[in-house]
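Participant: Under my numbering, read the sequence shown as residues 273 to 387, first letter to last.
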Amino acid sequence: MTSLRQKGFTLIELVVVIVILGILAAVAIPQFTDLSTSARTSVADTSCGALASTATLLFASNRVGTTMASIQAATTATGGTFSAGTNCGNTTFSTTTGGVTVNCPTIPPALCTGP
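#1: What residue range does the beta strand (DSSP E) around G352 cover?
#2: For the beta strand (DSSP E) that F281 lies in, which residues bound it at each end?
#3: Please classify T364: does DSSP put it in a helix, a strand, or coil?
#4: Whole angstroms are fine: how far does the CA of L296 sit from the CA of G357?
#5: My output table needs one value for V236: the three-state DSSP class, helix, strand or coil.
#6: Would you call the CB atoms of L323 and C384 closer than 8 Å?
#7: So, are the CB atoms of S314 and A349 less than 8 Å apart?
#8: Would G361 pass as a contact of R312 if the rule is Cβ separation under 8 Å?
#9: Look at the alpha carbon of P381 and the alpha carbon of F365, and state the distance between them as a whole number of angstroms.
#10: Name the two residues that bound the continuous alpha helix (DSSP H) containing R312.
#11: Alpha helix (DSSP H) containing A218: first to last residue?
#12: Would you mind working out which of A346, M340, T309 and A327 sits nearest V374, comparing C-alpha positions?
Below is the structure:
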């Protein structure tokens, strides 16, 4: 007598695979939910770095300090806006979406002459 061999997966095997995929999804999804806030914070940090670089480049070009308004006007930063600080300090960058605000480091007095 010949026995028939059936090919395929049993119901138990399929259920085990589905359960494993569900566990993997439950672990992986929380890892990616906070990426947008992290990205916005990185944009703000990068923009603050661009502000400091602009101050350095303007000082190197002119050999004198520049006003904070001129430094901000010369800085190209997308994704948000700078708020004017006092005496080259307390400048913040706020992202357009997401409401992330980062305090930029104070620009040294030799590079910046005031508001």
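Each residue gets a CB set at the ideal place from its N, CA and C atoms; glycine is no exception.
Facilitator: This is what the structure holds:
#1: If you look at G352, you'll find it in the beta strand (DSSP E) that goes G352 to S355.
#2: Segment: none, F281 is in no beta strand (DSSP E) and carries neither H nor E.
#3: strand
#4: 47 Å
#5: A query on residue 236 cannot be resolved here, the shown segment of the chain reaching from 273 to 387 and no further.
#6: no
#7: No.
#8: no
#9: For P381 and F365, the distance between alpha carbons rounds to 20 Å.
#10: L307 to N334
#11: Outside the displayed range of the chain (273 to 387) lies residue 218, so it cannot be described from this structure.
#12: Considering only A346, M340, T309 and A327, the residue with the shortest C-alpha distance to V374 is T309.
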